[in-house]
Amino acid sequence: MTFVTPNASKIVILGDSGVGKTSLALRFTHNEFHDLELSTVGAKCFTKSVHVADKDVHFSIWDTAGQERFQSLAPIYYRNSRAAIIVYDITQKKSFHEAERWVDEMKRHGDEDLVIALIGNKSDLNEYREVKMKVAQEYALKNNLIFLETSAKTGEHVEDLFMKIAEMLPSVHAKIPENLDHNFGIVSISKLEEKEKRKEKKNCC
Amino acid sequence: MEQNKLMDLGDKIQSKTLEIYNIFEQYTMLNVYDSIYPHILQTNKKKDQLLSIRIKKLIQLQILTPEFFHLNSKLLEQKNLLEHAKSNLNKINSKKTPQDKMDCISGCCQDLLKILIEKGEDSSADNLLPFFIYTILNTNPENLYSNADYIENFRYSPVISMSESGYFFINFMSSISFLETLQAKDFEFESSSFEQYLKDPDSQKLPQKIDKSKSKSTIDDSEEKSKNVKINNFSKSISPKKIKNINRHKINHPLHFSQKINPNSGLRQTRSFNKKKKEKRISKKDLKKFQKHFKFQKVNYEEKMEENDSFVIVDILDQENQNQIEIQDELQIIEFEEDFPNKKNLNQNQNKNQNLNENQNQNQNQNQNQNQNQNQNLNQNQNENLNQNQNENQNQNQNQNENQNQNQNQIQNQIEIQDELQIIEFEEDFSNKENQNQNQNLNLNQIENQNENQNQIDYQFANIQSFSEIQPNDFELLFQEYKRLLQENQKLKILLSKKFQ
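Top line first, the protein sequences correspond to chains W and C.
If you're matching positions, the first sequence starts at 1 in UniProt numbering and goes up one per residue.
If you're matching positions, the second sequence starts at 1 in UniProt numbering and goes up one per residue.
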């Protein structure tokens, strides 16, 4: 049974089909890599917990379908997510354009404090490169994105990616609540209040 | 390594708290089901009917073939597993609690994943989602909408957004919305006739295919066609004054002009929570076309308005439905409020019984309370017995209470021991900083021992299989256990943060 905590942070992996979304998640959570025909772990919600700086981060990583005809369903998947990993294949220019489209969509429809990472996968196939690293890097700088080139096959930079995301996520401090009865429903009222305050401030301006 | 071990322990504790939470949820939802589910069925009745008709029609058209989804024909050869998956999906309407319904969905998905893995196909979401949509299409279980609505509103929300079964449930939701928003242009059908074909249960006219030579001038074509058609249902019931109403309600009728001009508009509508999206308005050109179209049929309009006023009725129905939903929401809230105080009373009364075992008066009070809760299976059984032989039952109650007290004492002892262990741990932790390594190893062992103890406690609860056997006393124990687990979780967190700063 997978663990469920109110502090777990949901991460969505988006990108064109065949870009390596599932294998990226598999490499991070199980430290495995399979060619397509040998994979034994199906699509699911991958989970792993990490300790960075002074906080625990419980990742639950959601795989999505990348085909064009399912793109309109994406909002159902990225609802409530705290980070989005947008993956493209460095050997396919088309997948980079798709990634740009995803970035635009997440900027428009995602939460304000959503962490977005742009990932060029398959960096082990450097000979067949179609997307220059500089181009992608500049694009990421412009849009305030985390940028890395990874390889799910060799495991290069995969760990770094998730560590960086964990650092960027807002911290959750561990405290023993005075009245546990109030914590029974696990609804953080303080957060709701903060959001309301923010809204009020905006209205004043 | 130690860090990982501690994290694993945390995971175990959290999964146990979830298990207990699930028992609570399962029990309450079983008792509340009869009063809640009919309302959900009613509010979603229209949508359910439309969707099931739409799916039947899509199957008749034979558009959504395995080739359309790029599914390998190998996959459909495994008939045993496929039928198992289908039967799993069909069970969804016989289950009562949101948990059981979710289990049906995830069981189906896991069967599909098995097939994918056995046939050596890529088992990522790229393949799972289309395969799942294909199976839903071919099983077409009833009340898809209300099931999804019920689960979404009554299941513990972190489970939906964080767990594996939640992932499969979201797949279920998205495949429903995929079937709903299928577009005619994907199959080279003319959009208005396509939509009409899918809406009417009786129509047998196949939708017209678009001629590629004329495809650029579809707007003019459709205008001509509408003139040729004798009288459309839609045109009968529309007066110029109601044009504004159409715009306000945004009804997706095939003759909605702004839809035709933007072939992509359907895509945008599915992303419905786009806040920045501006409301579409009918442009002047569209209006003129609409008015021309209307003038042509003005002669017949006033005569036939009263006969068949379908469009207007739809409008009014929508408004009525909204009112109903509001009323039902209020009703539900009242029901909940009624339920919970009674349970609290029950618990309190039974506490008193434990303290004063031989007070018969209070037993009578308890009986009264139990009479109030007729919904609960448990209490029904007890009531029947009570009405038959009150004296015998009082004796039985006393015996039960004694037994329960013994159980409780045992468990409380265990809990106390564990608490002591924890205190010792913490003391050791902070006093002996010199022998940290040894102590840490000891601590880990002790915590693991604790876990074994917890297993024993859990084992006692695991024996309760049918929920009608659960007594309110058990709930109190469960609640204590739940609290304790929460506390332990917090302590673990602090340990972690202090050790690895």
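Every residue gets a Cβ at the ideal spot worked out from N, C-alpha and C, and that includes glycine.
Computed from a predicted model, the values in this text were never measured in an experiment.
Can you list the residues of chain C that residue i reaches, using a CB-CB cut of under 9 Å?
| i | result |
| --- | --- |
| W/Asp63 | Ser124, Ala125, Asp126, Leu128, Tyr167 |
| W/Thr22 | Asp122, Ser123, Ser124, Ala125, Asp126 |
Round the Cβ separation of residue i and residue j to the nearest angstrom and send it over; I've been treating them as touching at under 8 Å.
| i | j | result |
| --- | --- | --- |
| W/Phe28 | W/Phe162 | 6 Å |
| W/Gly66 | W/Gly110 | W/Gly66 to W/Gly110, Cβ: 18 Å. No contact. |
| C/Gln99 | C/Asn22 | 6 Å |
| W/Lys153 | W/Asp124 | 5 Å |
| W/Ala117 | W/Ala83 | 7 Å |
| C/Leu112 | C/Thr135 | 7 Å |
| W/Lys13 | W/Ile85 | It should be pointed out that residue 13 of chain W corresponds to Ile in this sequence rather than to Lys. That belief holds up - the Cβ atoms of W/Ile13 and W/Ile85 are roughly 5 Å apart, short of 8 Å. |
| W/Val19 | W/Asn121 | 6 Å |
| W/Asn80 | C/Ser94 | Their Cβ separation, rounded to whole angstroms, is 30 Å, which puts W/Asn80 and C/Ser94 out of contact at 8 Å. |
| C/Leu144 | C/Leu64 | Not a contact, Cβ separation roughly 16 Å. |
| C/Arg54 | C/Leu137 | That pair is no contact at about 10 Å. |
| C/Pro141 | C/Asn90 | 5 Å |
| W/Glu156 | W/Ile90 | That belief does not hold up - the Cβ atoms of W/Glu156 and W/Ile90 are roughly 12 Å apart, past 8 Å. |
Name, please, each residue of chain C whose Cβ falls closer than 8 Å to the Cβ of residue i.
| i | result |
| --- | --- |
| W/Tyr77 | Ile170, Ser174 |
| W/Ile17 | Reading off the sequence shown, one finds Ser at residue 17 of chain W, where the question assumed Ile. What W/Ser17 touches in chain C: Asp126. |
| W/Ala8 | Pro158, Met162 |
List, in order along the chain, the chain W residues whose C-beta lies closer than 9 Å to that of residue i?
| i | result |
| --- | --- |
| C/Phe178 | Arg69, Phe70, Ser72, Leu73 |
Applying a beta-carbon distance threshold of less than 7 Å, which residues of chain W neighbour residue i?
| i | result |
| --- | --- |
| C/Glu135 | First, the amino acid is wrong: residue 135 of chain C is Thr here, not Glu. In chain order: nothing, as chain W lies at least about 15 Å away. |
| C/Thr28 | None at all; the shortest Cβ gap to chain W is about 14 Å. |
| C/Thr181 | Ser72 |
Residues of chain C with a CB under 7 Å from the CB of residue i: which are they?
| i | result |
| --- | --- |
| W/Gly66 | Asp126 |
| residue 207 of chain W | Nothing in the structure corresponds to residue 207 of chain W, since chain W is present only between 1 and 205. |
| W/Ser60 | Met162 |
So, at 6 Å on beta carbons, what are the nonlocal neighbours of residue i in its own chain, with the 5 sequence-adjacent residues on each side left out?
| i | result |
| --- | --- |
| C/Leu182 | none |
| residue 206 of chain W | Nothing about residue 206 of chain W can be read from this structure; chain W reaches only from 1 to 205. |
| C/Ile40 | Ser146, Asp149, Tyr150 |
| C/Ile13 | Leu485, Glu488, Asn489 |
| W/Phe96 | Tyr88, Val131 |
| W/His51 | none |
| C/Leu198 | Arg54, Lys57 |
| W/Glu98 | Asp16 |
| C/Lys498 | none |
| C/Asp474 | none |
Among the residues of its own chain, which have a CB less than 8 Å from the CB of residue i, if the five just before and after it don't count?
| i | result |
| --- | --- |
| W/Ser60 | Thr2, Ala8, Ser9, Lys10, Ile11, Cys45, Phe46, Thr47 |
| W/Ser17 | Ala65, Gly66, Gln67 |
| C/Lys493 | Gly10 |
| W/Val115 | Arg82, Ala83, Ala84, Ile146, Ile165, Met168, Leu169 |
| C/Lys114 | Leu81 |
Among residues of its own chain, excluding the 5 on either side of residue i, which ones have a beta-carbon nearer than 7 Å to its beta-carbon?
| i | result |
| --- | --- |
| C/Ile20 | Leu478, Glu481, Tyr482 |
| C/Phe194 | Ala184, Pro207 |
| W/Gln92 | Glu130 |
| C/Ala148 | Phe172, Met173, Ile176 |
| W/Ile53 | One point to set straight first is that residue 53 of chain W is Ala, not Ile, in the sequence displayed. Around W/Ala53: Glu167. |
| C/Ile151 | Pro98, Lys101, Met102, Phe169 |
| C/Gln490 | none |
| C/Ala85 | Cys108, Asp111, Leu112, Thr135 |
Three or more C-beta pairs below 8 Å linking the region 119 to 129 of chain C and the region 142 to 161 of chain C: Contact between the region 119 to 129 of chain C and the region 142 to 161 of chain C is absent, because fewer than three Cβ pairs lie under 8 Å.
Complete alpha helix (DSSP H) runs within the region 72 to 134 of chain W (minimum length 4 residues, chain order): Entirely contained in the region 72 to 134 of chain W, the alpha helix (DSSP H) runs reaching 4 residues are, in chain order, 74 to 78, 93 to 109.
Uninterrupted alpha helix (DSSP H) stretches inside the UniProt domain "VPS9" (45 to 188) of chain C (no shorter than 4 residues): You should have 45 to 61, 79 to 90, 98 to 118, 125 to 139, 144 to 154, 157 to 162, 164 to 180.
Three or more C-beta pairs below 8 Å linking the region 47 to 58 of chain C and the region 112 to 121 of chain C: Using a Cβ-Cβ distance cut-off of 8 Å, the region 47 to 58 of chain C and the region 112 to 121 of chain C are not in contact, since fewer than three pairs of beta carbons, one from each stretch, lie closer than that value.
Meets three-Cβ-pair contact criterion under 8 Å: the region 101 to 116 of chain C and the region 165 to 181 of chain C: Using a C-beta cut-off of 8 Å, the region 101 to 116 of chain C makes contact with the region 165 to 181 of chain C, since at least three inter-stretch Cβ pairs fall below that distance.
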